[in-house]
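Heads up, the thing below is written out as structure tokens.
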Amino acid sequence: MKILLLTITALLICNGAHSQNNPKTREVCIIATTHDTNDFCNPQILDSILQVIEPDLILVEMDSTFFTTDFYYDTISRPYLIIPESSSVETITTHIYKKEHPEVDIRPYDISMRNDYYRQQDYFNMKPAMYQDIFRYTSGGSNSERDYRDFMLLAVSLHCINNLNITSLAEMNAETTSSLTFLQNMVYMNSAINLTESIDSIRKYQDFAKWQKDFWETRNAKMIDNIISVSEGYERIVVLTGNLHKYYLVMGLSADHLNIKLKEFWEY
Numbered sequence: 122m123k124i125l126l127l128t129i130t131a132l133l134i135c136n137g138a139h140s141q142n143n144p145k146t147r148e149v150c151i152i153a154t155t156h157d158t159n160d161f162c163n164p165q166i167l168d169s170i171l172q173v174i175e176p177d178l179i180l181v182e183m184d185s186t187f188f189t190t191d192f193y194y195d196t197i198s199r200p201y202l203i204i205p206e207s208s209s210v211e212t213i214t215t216h217i218y219k220k221e222h223p224e225v226d227i228r229p230y231d232i233s234m235r236n237d238y239y240r241q242q243d244y245f246n247m248k249p250a251m252y253q254d255i256f257r258y259t260s261g262g263s264n265s266e267r268d269y270r271d272f273m274l275l276a277v278s279l280h281c282i283n284n285l286n287i288t289s290l291a292e293m294n295a296e297t298t299s300s301l302t303f304l305q306n307m308v309y310m311n312s313a314i315n316l317t318e319s320i321d322s323i324r325k326y327q328d329f330a331k332w333q334k335d336f337w338e339t340r341n342a343k344m345i346d347n348i349i350s351v352s353e354g355y356e357r358i359v360v361l362t363g364n365l366h367k368y369y370l371v372m373g374l375s376a377d378h379l380n381i382k383l384k385e386f387w388e389y
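Numbering (this note's numbering), first residue to last: 122 to 389.
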């Protein structure tokens with residue numbers, strides 16, 4: 122959160138000069154998705170929303186390595202990108218929409234070389250192993266009162282988020298949902314840091330737990346920077362993002378001097 126707040130503060134400092142150079146207001150619609158197809162988030166529903174909004178730019182949660190030099194999905198190196206069974210709902214939807222609306226631009230806005238960072242940290246193996254060990258070694262009740270509180274906060278927050286009964290894309294994008302997922306994610310990462318620092322049996326994950334939070338904050342801050350820079354010159358922009366990112370993006374793009382008008386997709 123510190124990195125993200127520093128980014129927003131830096132943007133506020135340059136308020137005067139920046140607003141004079143960029144007087145035109147951009148309209149930005151941030152749509153949180155599930156990435157995977159389901160009954161309320163699928164290419165048919167997302168495409169129908171894009172048809173109503175009619176954006177001139179769509180930003181997708183990828184980095185530039187997934188794109189060709191002329192900014193389209195690199196389906197030669199990554200043929201799975203346009204296969205519904207192996208791709209994200211956002212990629213399939215924008216691929217369909219681009220065929221019908223060739224004038225729309227599609228651009229990435231995620232941090233560069235994101236997947237390389239994950240590979241370097243063995244993220245997809247370390248993360249589940251860390252949380253499995255946290256539950257294994259802290260659920261027995263033999264730890265300190267502080268550790269017990271951190272563990273219970275983590276367990277309750279996971280229970281609450283896993284039992285959310287979301288049945289529509291509008292519910293997923295509601296402010297209450299975004300705020301709840303933000304708070305749960307903070308508990309998720311901070312509890313891991315506190316517990317791996319305190320308990321000997323899981324201290325081997327201490328560096329990873331800190332990296333997880335630092336990279337998450339760095340990544341969200343870079344996403345905000347990229348959205349601001351890439352969307353300049355466009356009038357109506359749709360940002361497709363995972364539901365955990367929406368709170369951060371809304372917060373980072375809400376500064377008055379950015380001349381960005383945020384709208385929800387149901388306001389069109």
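Glycine included, C-beta positions come from ideal geometry on N, C-alpha and C.
From a predicted model like this one, the values you see are computed outputs, not experimental measurements.
Beta-carbon separation of residue i and residue j under 7 angstroms?
i	j	result
I151	L370	yes
I232	K343	yes
T302	L365	yes
N299	D268	Sequence inspection shows Ser at residue 299; the Asn mentioned does not correspond to that position. No, they are not a contact pair.
Does DSSP put residue i in a helix, a strand or coil?
i	result
D226	strand
E385	coil
Y369	helix
L201	Note that residue 201 corresponds to Tyr in the displayed sequence, not to Leu. Helix at Y201.
T362	strand
K161	Reading off the sequence shown, one finds Phe at residue 161, where the question assumed Lys. Coil.
L285	coil
A138	Its pLDDT being 46, under 50, A138 is placed unreliably by the model, and the measurement read from it follows with that caveat. Correct three-state label for A138: helix.
N143	Interpretation of N143 is limited by its pLDDT of 48, a score under 50 that renders its predicted location unreliable; no figure is taken from the coordinates.
F187	helix
L180	strand
D377	helix
Classify residue i: buried if its beta carbon has 16 or more other beta carbons within 10 angstroms, exposed otherwise.
i	result
L379	buried
G119	Limits of the chain in this structure are 122 at one end and 389 at the other, which puts residue 119 out of reach.
Q253	exposed
C281	exposed
Q305	buried
A138	Note that A138 scores 46 on pLDDT, short of 50, meaning its location in the model is unreliable; the coordinates nonetheless yield the value given after this. That one is exposed.
F187	buried
I204	exposed
T189	exposed
L285	exposed
K334	buried
Under the assumption that residue i contacts residue j (Cβ atoms under 8 angstroms), give the Cβ distance between them as a whole number of angstroms.
i	j	result
V210	P176	With a Cβ gap of about 17 angstroms, V210 and P176 do not count as contacting.
R68	E148	Since the first and last residues shown for the chain are 122 and 389, residue 68 lies out of range.
I229	S198	According to the sequence provided, residue 229 is Pro. The question's Ile does not apply to it. About 14 angstroms separates the two Cβ atoms, so there is no contact after all.
I245	Y238	Checking the sequence, you will find Phe at residue 245 rather than Ile. With a Cβ gap of about 12 angstroms, F245 and Y238 do not count as contacting.
L361	E182	6 angstroms
D87	F256	Given that the chain is displayed from residue 122 to residue 389, the structure contains no residue 87 and the question cannot be resolved.
(message) Runs of 3 residues minimum, wholly inside the stretch 205-280: which ones carry the beta strand (DSSP E) assignment?
(response) Counting whole runs of 3 or more residues, the stretch 205-280 contains the beta strand (DSSP E) stretches 226-229.
(message) Going residue by residue through the stretch 291-355, where are the continuous alpha helix (DSSP H) segments of at least 4 residues, counting only ones entirely within it?
(response) 296-319, 327-351, all fully within the stretch 291-355.
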